[in-house]
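Following: one structure in structure tokens, then a few remarks.
Protein chains: 2
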Amino acid sequence: MTSHGRRRLLFVAIVTGLMTVGLVLNQGSDSAATPSSAGAASPDPVLPSWNDGAARTAILSFVDRVTRAGGPGFVPPPARIAVFDNDGTLWSEQPMYVQLAFAIDRVKALAPSHPEWAGSQPFKAALEGDLETLAASGERGLSALVMATHAGITSEEFERIVQDWIATARHPKTGRLYTEMVYQPMLELLAYLRANGFKTFIVSGGGIEFVRPWAERVYGVPPEQVIGSSVKARYEVRNGRPVLARLPEINFINDEEGKPVGIQQHIGRRPIAAFGNSDGDFQMLEWTTAGPGTRLALIVHHDDDAREAAYDRASHIGRLARGLDEAATRGWVVASIARDWKTVFPTTTPK
Amino acid sequence: MTSHGRRRLLFVAIVTGLMTVGLVLNQGSDSAATPSSAGAASPDPVLPSWNDGAARTAILSFVDRVTRAGGPGFVPPPARIAVFDNDGTLWSEQPMYVQLAFAIDRVKALAPSHPEWAGSQPFKAALEGDLETLAASGERGLSALVMATHAGITSEEFERIVQDWIATARHPKTGRLYTEMVYQPMLELLAYLRANGFKTFIVSGGGIEFVRPWAERVYGVPPEQVIGSSVKARYEVRNGRPVLARLPEINFINDEEGKPVGIQQHIGRRPIAAFGNSDGDFQMLEWTTAGPGTRLALIVHHDDDAREAAYDRASHIGRLARGLDEAATRGWVVASIARDWKTVFPTTTPK
Chain A
221 MTSHGRRRLL FVAIVTGLMT VGLVLNQGSD SAATPSSAGA ASPDPVLPSW
271 NDGAARTAIL SFVDRVTRAG GPGFVPPPAR IAVFDNDGTL WSEQPMYVQL
321 AFAIDRVKAL APSHPEWAGS QPFKAALEGD LETLAASGER GLSALVMATH
371 AGITSEEFER IVQDWIATAR HPKTGRLYTE MVYQPMLELL AYLRANGFKT
421 FIVSGGGIEF VRPWAERVYG VPPEQVIGSS VKARYEVRNG RPVLARLPEI
471 NFINDEEGKP VGIQQHIGRR PIAAFGNSDG DFQMLEWTTA GPGTRLALIV
521 HHDDDAREAA YDRASHIGRL ARGLDEAATR GWVVASIARD WKTVFPTTTP
571 K
Chain B
221 MTSHGRRRLL FVAIVTGLMT VGLVLNQGSD SAATPSSAGA ASPDPVLPSW
271 NDGAARTAIL SFVDRVTRAG GPGFVPPPAR IAVFDNDGTL WSEQPMYVQL
321 AFAIDRVKAL APSHPEWAGS QPFKAALEGD LETLAASGER GLSALVMATH
371 AGITSEEFER IVQDWIATAR HPKTGRLYTE MVYQPMLELL AYLRANGFKT
421 FIVSGGGIEF VRPWAERVYG VPPEQVIGSS VKARYEVRNG RPVLARLPEI
471 NFINDEEGKP VGIQQHIGRR PIAAFGNSDG DFQMLEWTTA GPGTRLALIV
521 HHDDDAREAA YDRASHIGRL ARGLDEAATR GWVVASIARD WKTVFPTTTP
571 K
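Chains as they are written, first to last, in the numbering used here: chain A, 221 to 571; chain B, 221 to 571.
Have a look at this one:
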């Protein structure tokens, strides 16, 4: 397959993540979530939702080293760049990527203006919630789905659509808002790093304009610190009013080898800390830790079927194999949700 | 011409800016520069190198409005985004774009490894300093020049090359370092906006990786707040060491209609203040001022042949025609260097 073809396929896989096997096998339950102890019993207010253990210790030790003025690991604040994957690292990606749920809902919303979709795949399958047929529509079908739901409108229109959707759309299993399906330990980690002079970036395989509208409110990450996949855009003046038209053409795929490229394009310097959960983040962690000086790479391992979901090597969403195999020799931390996280999801509703 | 062809041509024009007429006509003198009065006689420490006048008043009034809590024009700090063109807005672009001087010097540095260049255009012309022939080599020749000097190496190598070059290369007329050919009033403006809660971005038609290595030191703008034109890059692991290889292929042209696209891609929200000097900045100013609420757009008008250079409508570097024609009706401020700037260049060496 050509590089271009492979990248298009990747994009489709990222946005949709449609796997019949994965859909069935990877559904964890949120019902056993432990209440957060944040600010209550814990004598230590730092990372209260992290259990004592190797992962938490590695984070604290890293931050201590890079912030200790005069110490051998000191990193001046402007170079304290931390990058976070989004799906599966900051919020749940099971049982399907949130952006796929958005695309399906968007097809339903647009259907009245597209009567032809009732008899045309992959739209018919999306309308009927037939994920298996949707997946079977292949690259061409899924590309059509993505472009019909993510392009053909202006950036401002798309932002408003995402904002409206994310304000009410709910997780199919837990019934909670998707913005409540974020990981409490990771929210604490984002805040802890920022309190120690870090600039935190999201480096998502998902759409950059899909994450930006709510990333500041939910994660404290402003739009200019969100990196993601994108479609091309064109500047147009329509009746005297300038707009950015989103075109049905892929601009950039921010996954796997694309993540270090996206990081360099947006940030222009190498991060010193990287957080991911799948092999789509492998190169980002590799790039981060290949730099000189003190570095931290951490993989969130989804091994808690009771509180969230258990998946790694066999999963088609967030597959994690190479990362598990090589973490030890590379000095990367593997955080076990079951073992390292006192709580998984916030017990209070984020803003 | 195809859109792609037009964009390639633009890139070449941006990077090289080779105009025989422009080169001859647009050479101003720096010798009459007025000494800076910064921090000395002026009773007002704000923007000391700006003369009292409409431009300075417009800036102060804008900042006052957007920072006045509870006022009708208040803008919360996260939305205080200001964008600055670089060439001709923050530093001198005469008698040639600095990046062209870099490309020519780079050809000379690489020539020993390329004996074939002695008899092959446009390299022969570059080696001989024959700018007229260089310009005559056309799009294909200039593309070859840019790619030979800006691609084929890693991002880290390119950064080091730029850093080494910018540390010693000097302006052909004044003999000063290029980083001393920055505009003192604009340095003050950058600092003034930041002191008022703004995030300042550079939005350059030039190469993003050409500006980043020195933008923080000279302008106080970190790499992640620099936007520019770029070549494509590829992530590769070479003997176990990951690199980002710069490819001889254009990725993005950040000029004219490209500037709002680049701004959206990098920043993800519309600026409230924009500063430029040429029609290459027109769309950036248009996009900025088309948003709701309080906005500021300012054009630096190069009308001071004694202290810098006088050029606008007829110039091939930094041509300014539409901006001058439409500024008044659009409410954009035109700052005259002759009238509005007490001093042009810093009298002390920047860091």
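Cβ coordinates follow ideal geometry from the N, Cα and C atoms, glycine included.
None of the values given here were measured: they were computed from a predicted structure.
| Asked | Found |
| --- | --- |
| Coil, strand or helix - A/I483 by DSSP | helix |
| Closest Cα partner of B/G572 within the set B/M401, B/P298, B/E408 | Because chain B here runs from 221 to 571, residue 572 of chain B falls outside it and cannot be looked at. |
| Nearest to A/E436 (by Cα), restricted to the options A/F282, A/T388, A/R300, A/A411 | A/A411 |
| Continuous alpha helix (DSSP H) stretch holding B/T509: start and end | 502-509 |
| Proximity to B/W270 [Cα-Cα], best of B/T567, B/D560, B/P443 | B/D560 |
| For B/A321 and B/H391, the rounded distance between their alpha carbons | 9 Å |
| Straight-line gap, B/M367 to A/A331 (C-alpha atoms, nearest Å) | 47 Å |
| At least 3 beta-carbon pairs within less than 8 Å: the region 276-289 of chain B vs the region 461-469 of chain B | no |
| Residues from the region 480-513 of chain B in contact with chain A, defined by Cβ distance under 8 Å | P480, V481, Q484, Q485, H486, I487, G488, R489, Q503, E506, W507, A510 |
| Segment contact flag, the region 544-553 of chain A with the region 514-526 of chain A, C-beta cutoff 8 Å, min 3 pairs | yes |
| Contact with chain B by A/P462, beta-carbon distance below 7 Å | yes |
| Beta-ladder partner(s) of A/E456, from DSSP | A/V463 |
| Span of the alpha helix (DSSP H) around B/H370 | 358-370 |
| Short Cβ contact (7 Å threshold) for B/R490 with B/G511 | yes |
| Within-7 Å CB hit, A/E377 to chain B | no |
| Separation of B/T369 from B/A323, as counted between CA atoms | 6 Å |
| For A/R326, the nearest candidate out of A/R380, A/R288, A/P315 (CA to CA) | A/R380 |
| Which listed residue (A/G460, A/A415, A/F421) has its alpha carbon closest to that of A/V266 | A/A415 |
| Residue-level contact to chain B via CB, A/E444, 7 Å cutoff | yes |
| Close-in-space but distant-in-sequence residues of the same chain around A/P433 (CB under 6 Å, 5 per side omitted) | E379, V382, Q383 |
| A/I428 vs A/G448 beta-carbon contact at 7 Å | yes |
| Cross-strand partners of A/R390 (DSSP beta bridge) | A/L397 |
| C-beta neighbour in chain A for B/Y403, strict 7 Å | no |
| C-beta atoms of A/Y455 and B/E477 nearer than 7 Å | yes |
| Exposed unless 16 or more other CB atoms sit within 10 angstroms - verdict on A/S450 | buried |
| Where the beta strand (DSSP E) containing A/A493 begins and where it ends | 493-496 |
| Chain B contact for A/A453 (CB, 7 Å cutoff) | yes |
| Limits of the unbroken beta strand (DSSP E) element including B/A302 | 301-304 |
| Endpoints, the beta strand (DSSP E) within which A/F418 is located | From DSSP, A/F418 is part of no beta strand (DSSP E); its letter is neither H nor E. |
| Short-range partners of chain B found in the region 331-364 of chain A, where Cβ spacing is below 7 Å | none |
| One or two residues paired with B/W552 in a DSSP bridge | Its beta-bridge partners do not exist; DSSP assigns none. |
| DSSP-derived helix/strand/coil call for A/S450 | strand |
| B/E477 at chain A interface by Cβ criterion, 7 Å | yes |
| Cβ-Cβ separation, A/G417 to A/T287 (assumed contact under 8 Å), whole Å | 7 Å |
| Cα-Cα separation between B/V446 and A/V446, rounded to whole angstroms | 15 Å |
| Bridge partner(s) assigned by DSSP for B/T374 | B/A465 |
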